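Right, one structure below, let's go through it.
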Amino acid sequence: MAIIRLEINVYYEQQETITVDTALMDLFNITQQIDIFFGQKKLGI
149 MAIIRLEINV YYEQQETITV DTALMDLFNI TQQIDIFFGQ KKLGI
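Written as C-alpha coordinates, this is what we have:
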(Lines of atoms letter the chains of each structure in order from A and count residues from 1; the text may use other names and numbers.)
(Lines give C-alpha, C1' and ligand atoms only; values in the text may rest on other atoms or scores of the structure.)
Protein backbone atom coordinates (compact mmCIF):
# COMPACT_ATOMS: atom_id res chain seq x y z
CA MET A 1 0.00 0.00 0.00
CA ALA A 2 1.31 3.42 -0.92
CA ILE A 3 0.82 6.52 1.17
CA ILE A 4 0.11 9.60 -0.89
CA ARG A 5 0.55 13.01 0.67
CA LEU A 6 -2.10 15.39 -0.62
CA GLU A 7 -2.05 19.09 0.02
CA ILE A 8 -5.49 20.61 -0.37
CA ASN A 9 -6.08 24.34 -0.44
CA VAL A 10 -9.67 25.51 -0.18
CA TYR A 11 -10.41 29.03 -1.35
CA TYR A 12 -13.51 31.04 -0.50
CA GLU A 13 -15.09 34.18 -1.84
CA GLN A 14 -14.26 37.24 0.24
CA GLN A 15 -17.95 37.96 0.81
CA GLU A 16 -18.53 34.46 2.18
CA THR A 17 -18.30 34.14 5.94
CA ILE A 18 -16.19 31.17 6.97
CA THR A 19 -17.23 29.23 10.03
CA VAL A 20 -15.78 26.08 11.49
CA ASP A 21 -18.88 24.19 10.34
CA THR A 22 -18.47 25.44 6.75
CA ALA A 23 -14.80 24.51 6.64
CA LEU A 24 -15.37 21.05 8.12
CA MET A 25 -18.28 20.33 5.79
CA ASP A 26 -16.21 21.36 2.77
CA LEU A 27 -13.31 19.20 3.96
CA PHE A 28 -15.70 16.27 4.46
CA ASN A 29 -17.03 16.67 0.91
CA ILE A 30 -13.50 16.87 -0.50
CA THR A 31 -12.40 13.71 1.31
CA GLN A 32 -15.52 11.89 0.09
CA GLN A 33 -14.64 12.77 -3.50
CA ILE A 34 -11.05 11.62 -2.98
CA ASP A 35 -12.31 8.33 -1.53
CA ILE A 36 -14.57 7.83 -4.56
CA PHE A 37 -11.68 8.65 -6.90
CA PHE A 38 -9.39 6.09 -5.28
CA GLY A 39 -12.18 3.52 -4.87
CA GLN A 40 -12.27 3.46 -1.08
CA LYS A 41 -15.49 2.68 0.74
CA LYS A 42 -16.04 4.31 4.12
CA LEU A 43 -18.94 4.40 6.49
CA GLY A 44 -20.92 7.62 6.30
CA ILE A 45 -22.08 9.68 9.22
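To convert, count from 1 in the sequence shown and add 148; that's our numbering. Each residue gets a CB set at the ideal place from its N, CA and C atoms; glycine is no exception. Please read these numbers as outputs of a predicted model, since none were measured by experiment.
| field | Nearest to Leu175 (by Cα), restricted to the options Ile156, Ala150, Gln163 and Ile151 | value | Put simply, of Ile156, Ala150, Gln163 and Ile151 the residue whose alpha carbon is nearest the alpha carbon of Leu175 is Ile156.
| said: Between the alpha carbons of Asp183 and Gln162, how many angstroms are there, rounded? | reply: Roughly 29 Å separates the two Cα atoms.
| request: Could you please give the first and the last residue of the uninterrupted alpha helix (DSSP H) stretch that includes Leu175? | output: Leu175 -> alpha helix (DSSP H) spans Val168 to Phe186.
| Pairwise C-alpha distance: Ala171 and Gly187 | If you draw a straight line from the Cα of Gly187 to the Cα of Ala171, it is about 24 Å long.
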